[in-house]
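Top to bottom, those sequences are chains A and B. Position in the first sequence (first residue = 1) + 23 = the working numbering. Position in the second sequence (first residue = 1) + 1159 = the working numbering. In this text, a Cβ means the ideal position worked out from N, Cα and C, and glycines have one as well. One structure is given below, encoded as structure tokens.
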Amino acid sequence: SQKIEQNSEALNIQEGKTATLTCNYTNYSPAYLQWYRQDPGRGPVFLLLIRENEKEKRKERLKVTFDTTLKQSLFHITASQPADSATYLCAWGNDMRFGAGTRLTVKP
Amino acid sequence: KAGVTQTPRYLIKTRGQQVTLSCSPISGHRSVSWYQQTPGQGLQFLFEYFSETQRNKGNFPGRFSGRQFSNSRSEMNVSTLELGDSALYLCASSLDRGLGGANVLTFGAGSRLTVL
């Protein structure tokens, strides 16, 4: 069956480092993937979208890649800050299914 | 412009009761999707409505239903509430994506339902 997974439930990093989050998919070839940020008690907020024919997308300190060979999307936050601490979700499909999310904590 | 508005923000019900949640999408957005979020299951897709028609449906029992009005506002209803229905219910709206287009969602703040 189609499956998409985020490989870490939680990720702790030091301020200033680069955070890398992973979204893997099996038995499925998404035309695009999206990344969202969710803060506690709030709805997710759209960050970036990458299409299958795009290798990389950037927005300020955020970068997302899409590797159709590895069946994987990587989401990077460079020069991370404590304010980046949140849960990050990948999403796919016309009916917008979400992965379980990775809870990122950036320590000062 | 105004964001996605969900009401009520918090509510408490008892088992067996039914509940109706409301969602007003961003002006001009014709697609409304509903999600259930719990700590154990994450964000689970309930259904999507477009032009008053259910376009997609997740894997939830028939106790969960929804509808969309001509002004794109949407409601979802849960009947015969169970303890496991306690969750944050999120509504999201988007522009019509078109064939093969991406469906970028704007979420509301959610309605937190507690079933006792």
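- [ ] Verify the CB distance criterion: does residue 126 of chain A have a CB-CB separation below 9 Å to chain B?
- [x] no
Task: The beta strand (DSSP E) enclosing residue 1273 of chain B, as first and last residue numbers - done: 1270 to 1274
Open item on the list: Alpha carbons only, please: which of B/1231, B/1177 and B/1199 is nearest the one belonging to residue 1207 of chain B?
Closed with: The shortest C-alpha separation from residue 1207 of chain B is found at B/1231.
Task: Distance, residue 33 of chain A Cα to residue 47 of chain A Cα - done: 16 Å
Open item on the list: Is it the case that the segment 102 to 109 of chain A contacts the segment 1211 to 1220 of chain B, given that we only count it when at least three CB pairs across the two stretches are under 8 Å?
Closed with: No contact exists between the segment 1211 to 1220 of chain B and the segment 102 to 109 of chain A.
Task: residue 56 of chain A (DSSP reduced to helix, strand or coil) - done: strand
- [ ] Report all residues from its chain with a CB closer than 7 Å to the CB of residue 108 of chain A; omit the five preceding and five following residues, and keep chain order.
- [x] 127, 128 and 129
Open item on the list: Give me the subset of the segment 1204 to 1234 of chain B whose CB atoms are less than 9 Å from a CB atom of chain A, sorted by chain position.
Closed with: Cβ proximity to chain A below 9 Å picks out 1204, 1206, 1207, 1214, 1215, 1216 and 1217 from the segment 1204 to 1234 of chain B.
- [ ] Go to residue 1235 of chain B, then tell me how far its beta strand (DSSP E) extends in each direction, as first and last residue.
- [x] 1233 to 1237
Task: Cβ separation of residue 91 of chain A and residue 75 of chain A, assumed to be a contact under 8 Å, to the nearest whole Å - done: Beta-carbon to beta-carbon, residue 91 of chain A and residue 75 of chain A are separated by about 6 Å, close enough to satisfy the 8 Å threshold.
Task: Residues of the segment 29 to 63 of chain A whose Cβ lies closer than 9 Å to any Cβ of chain B, in chain order - done: 54, 55, 57, 59 and 61
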